[in-house]
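Asker: In terms of my numbering, the sequence shown opens at residue 154 and continues consecutively. Yeah, the Cβ is synthetic: ideal placement off N, Cα and C, and Gly gets one too. Input: one structure, supplied below.
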Amino acid sequence: MANVLVVEDDQFVRSALIRELTERSHTVRSASTALDALREVSQDAPDVVVLDLGLPDLDGAEALKMLRAVSDVPVVVATARDDETEIVRLLNAGADDYLVKPFSPEHLIARLSAVLRRARGRSAPPRTCQVGGLRIDLEAREAFLDGAPLDLTRREFDLLAHLAFRAGQVVPRRELLTEVWRQSYGDDQTIDVHLSWLRRKLGETASQPRYLHTVRGVGVKLLPPG
154 MANVLVVEDD
164 QFVRSALIRE
174 LTERSHTVRS
184 ASTALDALRE
194 VSQDAPDVVV
204 LDLGLPDLDG
214 AEALKMLRAV
224 SDVPVVVATA
234 RDDETEIVRL
244 LNAGADDYLV
254 KPFSPEHLIA
264 RLSAVLRRAR
274 GRSAPPRTCQ
284 VGGLRIDLEA
294 REAFLDGAPL
304 DLTRREFDLL
314 AHLAFRAGQV
324 VPRRELLTEV
334 WRQSYGDDQT
344 IDVHLSWLRR
354 KLGETASQPR
364 YLHTVRGVGV
374 KLLPPG
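In structure tokens:
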């Protein structure tokens, strides 16, 4: 059985979801605001989150982006919005599945079971990698170059780690926006600025790259020197 976090501000709906999930032997915690949900996930990550979009402090779509910044916990969005464009946007922003209100308890349980099966079927990804003299530790959120620690901002670390764990591959700019910035669209200049800062800290330039190689019109590839 799973540890489920229900994020729902409507007390009647929240109580009904808790009752249905508890009757099926799930352990259930709940939150009525986005900030409470973020606190719950950060302190003790559940197996899956059921996320309402109509929260009082933050729109659920913004809450989803914030959740994805701190955790890869599976998220099933519960929404009254049935617009296809909105649903696609939520899936691109990191939702694992969605339910359109009103829905039956059986429908919810089926969707949760499917999401949990997919999550449990994924093998645990590596948490450290070494590329040349560059070493990344995701658990500690630390990066080292030739044994010396790199002083990186959160975004710089996320960008470098994303490229390092895909060393040798050309990573498209669209993927960087989606996976690092959690945006489905944006300004390429943002990526260029962060790459420039990273290059400075790695002791290289765009014209004389050591690790970060720009593939014009496509994306960025991280390779070991030489």
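Identify whether serine 360 lies in helix, strand or coil by the three-state DSSP scheme.
Answerer: coil
Asker: Rounding to the nearest angstrom, what Cα-Cα distance links alanine 156 and arginine 264 in this structure?
Answerer: Alanine is not the amino acid found at residue 156; the sequence shown has asparagine there. When rounded, the distance between both Cα atoms is 15 Å.
Asker: Using DSSP's beta-bridge definition, name the partner residues of arginine 288.
Answerer: Gln283 and Phe297
Asker: To the nearest angstrom, how far is it from the Cα of alanine 359 to the Cα of glycine 370?
Answerer: Rounded to the nearest angstrom, the two C-alpha atoms are 15 Å apart.
Asker: Take the Cβ of alanine 184 as the centre, count every other Cβ of all protein chains shown within 10 Å, and call the residue buried at 16 or more, exposed below.
Answerer: The C-beta of alanine 184 has 16 or more other C-beta atoms within 10 Å across all chains shown, which makes the residue buried.
Asker: Go through its chain and collect everything with a Cβ distance to alanine 317's Cβ below 7 Å, but skip five positions before and after it.
Answerer: Cys282, Val284, Leu287, Ile289 and Leu375
Asker: Between which residues of its own chain and phenylalanine 310 is the CB-CB distance below 7 Å, once the five residues before and five after are set aside?
Answerer: Non-local C-beta neighbours of phenylalanine 310 in its own chain, meaning closer than 7 Å and more than five positions away in sequence, comprise Arg294 and Ala296, ordered along the chain.
Asker: Hey, lysine 254 and threonine 238: beta-carbon distance below 8 Å or not?
Answerer: no
Asker: In terms of alpha-carbon separation, which member of His347, Lys354 and Arg335 lies closest to alanine 248?
Answerer: Arg335
Asker: Could you compute how far the alpha carbon of serine 257 sits from the alpha carbon of arginine 192?
Answerer: 28 Å
Asker: Buried or exposed: alanine 213, going by 16 or more other Cβ atoms within 10 Å of its Cβ?
Answerer: Here residue 213 turns out to be glycine, not alanine, going by the sequence shown. The residue is buried, with at least 16 neighbouring Cβ atoms inside 10 Å.
Asker: Looking at C-alpha atoms only, which residue of Glu292, Arg273, Leu269 and Val268 is the closest neighbour of proline 279?
Answerer: It is Glu292.
Asker: May I ask which residues mark the beginning and end of the beta strand (DSSP E) holding aspartate 205?
Answerer: Looking at the DSSP string, the run of the beta strand (DSSP E) that includes aspartate 205 is 201-205.
Asker: At the level of alpha carbons, what is the spacing between leucine 217 and alanine 246?
Answerer: 7 Å
Asker: My understanding is that leucine 365 touches leucine 355, with C-beta atoms under 8 Å, so please give their C-beta distance in whole angstroms.
Answerer: 7 Å
Asker: By DSSP, does lysine 254 sit in helix, in strand, or in coil?
Answerer: The three-state secondary structure of lysine 254, taken from DSSP, is coil.
Asker: For proline 227 and valine 323, what's the separation of their Cα atoms in angstroms?
Answerer: Rounded to the nearest angstrom, the two C-alpha atoms are 27 Å apart.
Asker: Going by Cα to Cα distance, which pick from Asp210, Arg221, Glu357 and Leu206 is closest to alanine 198?
Answerer: Arg221
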